[in-house]
Amino acid sequence: MGLRGVRDRGTLLERESELATVEAALADLVGTDGDAAPAEPHRGALLAVAGPAGMGKTTLLTEVRRLAAARGCTVLGARGGEQEQRVAFHVARQLLQPRLAAVPETERRAALGSWYDIVGPALGLCAPTDGAPPDPQGLRDGLDWVLTHLAVRHAPMVLVLDDAHWADPESLSWLAAFAPRVEELPLLIVVAYRPDELPPHAAPLRALPGRGGGRPIDLEPLSADAVAHLVRESLGEHADDAFCQECWEVTAGNPFEAVELAAKVRDRKVTPTEGRAHLLRDLAAAVKGSGLAARLDRLGGPARHYAWACAVLGTEIRPALAAAVAGLGHQDAADAVEKLCDARFLTVVGAEPGAPADSGTLEFVHPLIATGVYRAIPPSIRVALHGQAAWCVVDDGQGPAAAARHLLETHPDDDAGTVDQLRAAAQEMLRAGAPEAARDYLARALREPPPPDERAAVLYELGSSFLLTDPATTVNHLRSALAEPITDPALRHSIVYRLSQVLAHSDRLAEATDTLAREIPRTEDHRVRLRMIQEQFMWDAFRADEPDHPSRSRRLARLADRLKGEDLTERYIIGLRTWDAILRGEPAHVALHHAERALAGGLCWAEPDRGFEVPVLVAVAHMYADRPGRAEQLFAAGIAEYERQGWRGAHLSFAYTLLGYLRLRRGRLTEAEDFARAGVRLAERVGPGVPAQWYAVGVLVEVLLARGRTGEAARVAADHHFGPPFPAAVVFPDAQTVYGELLLARGLVDEAAAELTAAGERLEPRGIRNPAWCPWQLHLARAQLRDDPCRALATALEAVARARQFGTPSAVGQALRVAAEVSTGADRVKYLEDSVAELECSPAAYELARALVALGAELRRTGRADEAAEHLYRGLDAAVRSGADALADTARAELTAAGLRPRRLHVTEAGTLTARERSAARLTVQGATRAETAERLRTDEPAVVRLLSAVYRKLGTDRAGLAEALTDPAPA
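Here the sequence shown is numbered in our numbering, starting from 2 and rising by one per residue.
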């Protein structure tokens with residue numbers, strides 16, 4: 002059979018303004034206007050075209066593609082399909098796969114780098130890799146990168162999406178989020194949709210601005226003159242005015258209906274005169290609805306069944322596959338295709354003129370016809386055809402995911418094969434980063450239903466698919482799975498691990514630990530039982546309401562001390578022992594000893610079936626123990642793991658937030674603010690009120706307070722509802738303490754004292770006594786000063802004692818500074834001098850700056866201006882380097898009050914050791930005293946103190962960790 006029914010480019014009438022908008026956008030994109038005069042090159046834009054079915058959107062987009070190609074643009078195209086709406090990334094694949102698949106895999110991998118394994122499965126370029134799948138946000142970021150890469154590499158580029166109202170949710174949410182960026186790229190995006198048929202997941206299209214922020218281009222019906230032009234173009238100039246007028250009235254100016262009606266008139270050989278105009282309404286009815294079905298029936302049974310099969314298959318229909326679904330032999334199928342093309346139902350795409358139809362693919366002439374044919378299929382036959390299509394695509398080698406969309410349309414039939422296909426398809430979707438599609442497949446598998454011995458597994462998989470979007474539903478499904486008879490112990494263990502994890506991440510920590518406590522006694526395998534104990538220890542560590550923390554700490558210490566770290570479970574337990582030592586304020590060297598034991602065998606941040614909590618806790622322990630440089634090394638490696646895995650939601654939010662917290666404690670406040678804001682943004686993408694947001698907002702508030710921007714900190718807290726009630730989980734910095742600090746900075750002393758007292762009453766019974774981890778006593782002492790100075794001093798000195806027990810210079814120095822603030826007389830100077838001496842040996846640059854300025858101010862007030870000057874100058878220098886703007890202003894004011902002029906500062910790169918600093922550090926590591934170092938460097942001891950202080954701050958370590966930091970320097 003020769004090629005018939007090939008779609009021609011339609012005539013565009015009364016679309017001059019729309020085409021002018023397109024031409025202007027293309028001129029901006031390619032850098033020339035209509036007269037080829039130079040213009041600003043490669044300015045991208047978004048054009049949205051809206052209109053009811055048949056209004057000419059496809060014809061207009063065809064013209065856009067032609068115009069873009071004529072101007073030398075790279076054109077990417079896709080079309081949403083009514084039958085493909087539930088196929089994840091169907092539109093994204095159409096857009097990106099052809100361009101990427103056209104080059105060898107080695108070249109693709111080189112071009113896409115680490116993104117290849119993240120986006121490749123979603124785009125059908127490669128099979129998923131081992132390990133946990135990317136989260137949806139990570140996958141969207143990957144698609145953003147790929148499209149940006151293509152747009153820049155193949156600039157200028159035009160992306161055309163037709164029938165966007167039928168685009169799959171995954172592709173549409175990605176494009177809707179990406180679209181606002183196009184003005185920064187050499188990329189024009191043109192989308193067309195029916196505004197009255199947008200499903201809920203397509204709602205973002207309504208919010209997309211048009212070019213220059215304008216409204217979408219709304220296509221209007223054609224005028225009577227335009228319809229007359231179409232009629233005469235098809236029938237000849239002899240069509241009279243009355244006949245043409247009736248065509249316009251019958252079609253209401255709808256271009257598709259007008260063209261189809263003219264074709265019917267021509268096919269029926271109706272004379273286009275006023276006397277025959279009364280036939281037009283009956284002919285128009287044949288274009289849609291029951292008339293379309295009747296017209297299809299007249300083509301005969303084989304053609305009808307073939308058309309039904311095509312309607313079920315959707316778009317890009319391979320003739321042989323449609324024949325298999327319809328149950329037709331080769332010749333019957335070829336005859337059916339010929340009849341359907343002649344009758345303007347189908348058209349052949351991608352075949353050479355005169356070639357057989359099966360050398361190309363089939364499409365319906367218009368989506369309206371596809372919809373009409375599909376809806377005309379009797380319901381029982383439609384279900385049967387979908388079932389037939391499912392197994393035909395499996396036999397065709399298209400895989401479970403291609404079959405699953407058809408199985409969704411079938412009735413449950415207690416078929417194990419159907420369950421297997423749906424479960425396999427769900428796994429494909431999960432691995433590709435489309436958990437919502439996986440959820441649909443698994444819910445359908447559960448209704449089939451699965452065999453009794455597989456029901457628990459299906460419930461487990463279904464619950465896991467809800468993990469990122471609806472934790473409460475995950476809990477329900479997993480609890481139902483546990484209630485099923487389970488013969489596979491490994492499955493039961495996996496369900497228990499996942500259930501406890503989702504309960505913990507939903508701020509239901511007590512339920513998480515209770516779940517594990519019930520399961521541990523019934524577990525016979527020693528290694529499995531040990532892992533469950535480890536998980537229980539972990540979630541207990543995060544419980545703010547844990548009833549028996551001291552007892553747990555003792556049990557954890559006994560267990561961890563006898564383990565050697567031979568596997569991941571043992572290393573996790575040792576890591577939890579590290580964190581417990583930090584919270585309880587055991588000597589820092591004890592915590593560091595256990596941290597290095599945990600790290601010795603490796604702690605992966607992206608283990609597929611493990612939480613990320615323990616590796617993070619071990620890294621953060623180094624920060625609290627005055628080894629932030631080592632902590633940053635661990636965070637850099639962890640973030641790299643997250644990004645390689647495509648975990649760019651809550652995981653990356655936590656990582657950036659805590660990296661910001663590290664920078665805050667190192668005294669790099671500008672960098673800390675940038676990281677904290679990035680953490681907040683990432684947490685907001687995940688959803689409001691998630692645990693990551695408590696961490697991120699808490700750190701950002703602390704940074705803003707350190708920079709002296711109290712009003713802004715209060716607004717951030719209010720905007721994110723950062724305040725009572727606080728989460729049941731332990732977060733750091735402690736949310737209630739940060740809130741109390743904020744109240745104190747705002748002058749709300751009584752309210753601050755109440756919150757800080759409550760924080761202490763919550764933490765003290767649990768044995769959490771480390772002021773380096775939670776300085777609630779330090780802030781409370783300041784709040785108590787106004788009404789009860791003696792009590793304030795007692796509170797501060799208790800914090801000093803606890804800090805000395807922990808033993809880090811930064812913790813001791815900070816506590817001594819606050820003790821000075823609530824003291825009187827000569828004690829203030831003594832405490833401040835001791836504070837500066839401690840902080841000189843720490844990596845805490847901001848705390849050192851605070852102590853120096855406070856000491857200088859106190860010396861000035863006591864008449865010792867000469868001694869004050871050096872401290873104030875150094876404090877000002879450190880404050881400016883730290884980005885502590887308000888503290889720097891205080892230092893300048895104190896210098897002015899002392900009659901001194903603030904000298905010009907020479908700020909060097911924060912992470913670079915000078916030659917003298919490196920020499921001082923090496924001599925210190927070799928065991929030289931300060932006096933010996935001063936003699937070797939031909940300077941005095943105070944200068945050596947300042948040199949070493951700079952070393953500790955820049956390398957992110959204290960004296961004990963100096964040797965390691967010098968041989969393996971931390972990132973700046």
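Even glycine gets a Cβ: it sits at the ideal position worked out from N, Cα and C.
On a predicted model such as this, the values are computed, not experimentally measured, just so you know.
Alpha-carbon to alpha-carbon, residue j and residue i
i	j	result
aspartate 454	arginine 424	15 Å
leucine 744	arginine 710	13 Å
leucine 48	alanine 26	8 Å
arginine 44	phenylalanine 179	16 Å
glutamate 942	valine 837	15 Å
proline 844	aspartate 959	6 Å
proline 616	tyrosine 573	8 Å
cysteine 842	alanine 793	27 Å
proline 609	alanine 133	4 Å
tryptophan 695	glycine 680	10 Å
leucine 924	threonine 968	14 Å
alanine 435	leucine 199	21 Å
tyrosine 307	alanine 385	14 Å
serine 950	arginine 686	40 Å
leucine 877	leucine 557	46 Å
Cut-off 7 Å between Cβ atoms - residues of its own chain near residue i, not counting five sequence neighbours on either side
i	result
glutamine 246	Ala225
valine 76	Arg66, Ala69, Ala70, Val159, Val161
alanine 243	Glu275, Ala278
leucine 196	For the record, residue 196 in the displayed sequence is proline; it is not leucine. These residues qualify, in order along the chain: Ala51.
aspartate 416	Glu449
glutamate 799	Gln778
Closest by C-alpha distance to residue i, when choosing among the options
i	options	result
glycine 373	Leu447, Glu221, Asp298	Asp298
glycine 143	His91, Trp175, Leu447	Trp175
glycine 139	Arg432, Glu83, Ala916	Arg432
glutamine 634	Asp242, Asp489, Ala966, Arg669	Ala966
isoleucine 640	Phe613, Pro629, Ala457, Leu665	Phe613
arginine 110	Glu238, Leu199, Cys127	Cys127
alanine 596	Asp610, Pro609, Arg611, Lys565	Lys565
leucine 62	Arg72, Glu184, Gly78	Gly78
arginine 267	Arg345, Ala335, Ala321, Glu317	Arg345
tryptophan 774	Arg611, Pro137, Ala736	Ala736
alanine 753	Arg763, Gln778, Ala784, Val823	Ala784
glycine 114	Arg141, Gly125, Trp146	Trp146
arginine 383	Ala310, Glu317, Gly434, Ala325	Ala310
alanine 337	Gln927, Leu314, Ala304	Ala304
Proximal residues to residue i (C-beta, below 6 Å), its chain only, five neighbours per side dropped
i	result
alanine 426	Pro401, Ala402, Ala405, Tyr442
glutamate 481	Strictly speaking, residue 481 in this sequence is serine, with glutamate absent from that position. Excluding positions up to five away in sequence, the list reads Leu460.
methionine 56	Leu220
proline 451	Val420, Val459
Sequence-distant residues of the same chain with beta carbon closer than 8 Å to residue i, five excluded per side
i	result
arginine 787	Val750
serine 920	Arg937, Leu938
histidine 506	Pro472, Pro692
glutamine 98	Leu124, Gly125, Leu126
aspartate 36	The predicted model places aspartate 36 with a pLDDT of 49, which falls under 50 and marks its position as unreliable; any figure quoted below should be read in that light. There are no such residues.
Checklist entry - Pairing CB atoms from the region 500-516 with CB atoms from the region 724-735, are three or more of them under 8 Å? => result Because the criterion of three Cβ pairs below 8 Å is met, the region 500-516 and the region 724-735 touch.
Checklist entry - Whole alpha helix (DSSP H) runs in the region 439-510 with 4 or more residues, listed along the chain? => result With a minimum length of 4 residues, the continuous alpha helix (DSSP H) runs that stay inside the region 439-510 are 456-466, 472-484, 490-506.
Item to check | Continuous alpha helix (DSSP H) assignments of at least 4 residues falling wholly in the region 115-196 | outcome: Qualifying alpha helix (DSSP H) stretches, in chain order: 117-120, 137-154, 170-179.
Checklist entry - Enumerated in chain order, which unbroken segments of the alpha helix (DSSP H) with a length of 4 residues or greater are wholly contained in the region 826-864? => result Fully enclosed alpha helix (DSSP H) runs of 4 or longer: 827-840, 846-862.
Next on the checklist: Does the region 602-617 come into contact with the region 554-573, if we say contact requires no fewer than three beta-carbon pairs (one atom in each stretch) closer than 8 Å?
Outcome noted: Taking 8 Å as the limit for Cβ pairs, the verdict is that the region 554-573 does touch the region 602-617.
Checklist entry - Between the region 699-707 and the region 475-494, are three or more C-beta pairs nearer than 8 Å? => result Because the criterion of three Cβ pairs below 8 Å is not met, the region 699-707 and the region 475-494 do not touch.
Next on the checklist: Whether or not the region 83-96 and the region 368-388 are in contact is what I'm after, with contact meaning three or more pairs of Cβ atoms, one per stretch, closer than 8 Å; do they touch?
Outcome noted: The region 368-388 is in contact with the region 83-96.
Checklist entry - In the region 269-345, which residue ranges form an unbroken alpha helix (DSSP H) of at least 4 residues, counting only runs that do not cross its ends? => result Runs of the alpha helix (DSSP H) inside the region 269-345: 281-286, 290-298, 302-314, 320-327, 331-343.
Next on the checklist: For the pair the region 809-826 and the region 643-661, tell me if three or more CB-CB distances fall below 8 Å.
Outcome noted: Cβ pair count under 8 Å is below three, so no.
Item to check | Three or more C-beta pairs below 8 Å linking the region 887-895 and the region 668-687 | outcome: No, because fewer than three Cβ pairs between the region 887-895 and the region 668-687 fall closer than 8 Å, the two stretches do not touch.
Next on the checklist: For the pair the region 380-397 and the region 332-342, tell me if three or more CB-CB distances fall below 8 Å.
Outcome noted: Verdict: no, contact absent.
Checklist entry - Contact between the region 790-810 and the region 579-588: three or more CB pairs below 8 Å? => result Taking one beta carbon from each stretch, the region 790-810 and the region 579-588 have 3 or more pairs nearer than 8 Å; the two touch.
Next on the checklist: Please give me, in chain order, every unbroken run of the alpha helix (DSSP H) with length at least 4 that falls completely inside the region 882-968.
Outcome noted: Counting only runs that start and end inside the region 882-968, the alpha helix (DSSP H) elements of at least 4 residues fall at 886-898, 916-926, 931-938, 942-956, 963-968.
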